[in-house]
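First comes the structure, then the notes that go with it.
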Amino acid sequence: MVILGIQTVIVPYLCISDWTDVLGWLNSQLPIDGLVLAQTIEDPDVLGQIKTAWQNFIDSGQAAALVIGLVVGYLFRNLTSFN
Numbered sequence: 004m005v006i007l008g009i010q011t012v013i014v015p016y017l018c019i020s021d022w023t024d025v026l027g028w029l030n031s032q033l034p035i036d037g038l039v040l041a042q043t044i045e046d047p048d049v050l051g052q053i054k055t056a057w058q059n060f061i062d063s064g065q066a067a068a069l070v071i072g073l074v075v076g077y078l079f080r081n082l083t084s085f086n
């Protein structure tokens, strides 16, 4: 019985030639109540969030650590290269 059910679903779509046919078939098979069409955004101020994150990056000393790490890494690379 399962094989007959699979055949009835698969046989009409064995020669799909276009991706729009596949997407249309998948769209017709998806349950509507399981689709997420939008998200609830708590704070829509994206530029403000970027500014806050950058300020936290500077204030916490991570920017200084990044610069120090780049300098030390550059020096280590130059000291260990055999040119």
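Okay, so the sequence shown: first residue is 4 according to the numbering used here, each after it adds one. Ideal Cβ placement from N, Cα and C applies to all residues, glycine included. The model shown is predicted, which means the values in this text are computed figures rather than measured ones.
Does DSSP classify R80 as helix, strand or coil? helix
| query | Can you tell me where the alpha helix (DSSP H) with F60 in it begins and where it stops? | reply | 49-62
**Request:** May I have the straight-line CA-CA distance separating V5 from S31, to the nearest angstrom?
**Result:** Low local confidence applies: a pLDDT of 48 at V5 is under 50, so the model's placement there is unreliable, and no value is given.
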